[in-house]
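Comments concern the structure below.
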Amino acid sequence: MAYSVELDDATQSIITMQLFENVKNTSELRKKAMSGKLECCLIKSNLIFDPFQVVVAANKALTHKKRTTKSNYTEILFNLSLSSNITQSLQTFGVADSDTNILVVVISKKNDTDSAKEIFSEIDGDILDISELSCINDRLAIKKLYKISDVEYHNIDLLDSIVSRIATKD
């Protein structure tokens with residue numbers, strides 16, 4: 061089952077996410093996404109602690125007046141990263157050809173219910189419930205990526221730490 065959330069009212073958009081495992085056509089999907097033939101964001105699911113961090117990155121991508129990258133989808137990947145280096149951000153969070161567990165993100169207008177379904181049908185893999193993210197993410201890699209100290213990790217909710225970093229990145 062896909063996970064959908066309305067974004068900021070000003071955007072009149074919704075974000076829909078679907079988690080996949082055992083994906084066999086990641087290379088093809090990546091090429092299509094990079095060429096613009098597949099309008100979505102393909103994210104390494106092991107680096108996503110909670111779908112809310114993607115919602116925050118997407119909301120920021122759609123509401124900021126000035127974009128740093130070429131599209132809303134690359135802007136989401138850029139916003140997920142602490143780095144101000146676009147290439148590094150895209151390589152860190154964007155899928156590699158060899159990735160088999162991926163989170164697919166689609167932004168659509170509120171009244172558009174078909175875009176996400178069409179894109180998800182392109183993925184040759186097994187659908188997982190979004191709640192399975194907690195089973196496949198790599199907390200140590202996430203902690204390192206977001207530069208979360210042991211003290212912070214043990215005293216503050218991990219999602220709060222991640223979201224605060226995404227929200228305050230300039």
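Per this note's numbering, residue 61 is the first one in the sequence shown, and the count goes up by one each step. Where a beta carbon is used, it is the ideal one built from N, C-alpha and C, also for glycine.
### Query
For I103 versus L193, is the C-beta spacing smaller than 7 Å?
Within the sequence shown, numbered from 1, the residue matching residue 103 stands at position 43. Within the sequence shown, numbered from 1, the residue matching residue 193 stands at position 133. Result no, Cβ atoms of I103 and L193 do not sit closer than 7 Å.
### Query
If you scan the segment 67-112 from start to end, which runs of the beta strand (DSSP E) of 3 or more residues do you find wholly inside it?
73-81 and 101-104
#### Entry: CA-to-CA distance, L218 to I42, given in whole angstroms
Coverage of the chain is limited to positions 61 through 230, which leaves residue 42 absent and any answer about it impossible.
### Local conformation of K177 per DSSP, three classes
Here residue 177 refers to the residue found at position 117 when the sequence shown is read from its first residue. DSSP places K177 in helix when its eight states are reduced to three.
### Query
Which runs of the alpha helix (DSSP H) spanning at least 4 residues fall entirely within the segment 168-228, listed in chain order?
175-180, 193-196, 199-205, 210-215 and 218-228
### Message
Taking its Cβ as the centre, do 16 or more other Cβ atoms sit within 10 Å of E66, making it buried, or is it exposed?
### Response
As a position in the sequence shown, residue 66 is number 6, starting the count at 1. Counting Cβ neighbours within 10 Å, E66 comes out exposed, since fewer than 16 surround it.
### Query
Around the C-beta of V83, are 16 or more other C-beta atoms found within 10 angstroms, so that it is buried, or is it exposed?
Looking up residue 83 in the sequence shown gives position 23. Classification for V83: buried.
### Task
Verify whether the separation of the beta carbon atoms of Q78 and A93 is less than 7 Å.
Taking the first residue of the sequence shown as 1, we reach residue 78 at position 18. Taking the first residue of the sequence shown as 1, we reach residue 93 at position 33. It is not a contact, given that the beta carbons lie outside the stated cut-off.
### Query
Can you tell which of H124, S181, S149 and D210 has the C-alpha that lies nearest to the C-alpha of A70?
Translated into positions along the sequence shown, residue 70 becomes position 10. Comparing Cα positions, the closest option is H124.
### Task
Enumerate in chain order the residues of its own chain whose CB-to-CB distance from T128 is below 8 Å, with the five nearest sequence positions on each side excluded.
For the purposes of this step, residue 128 is taken as the residue at position 68 of the sequence shown. Same-chain partners within the cutoff: E135, F138 and I146.
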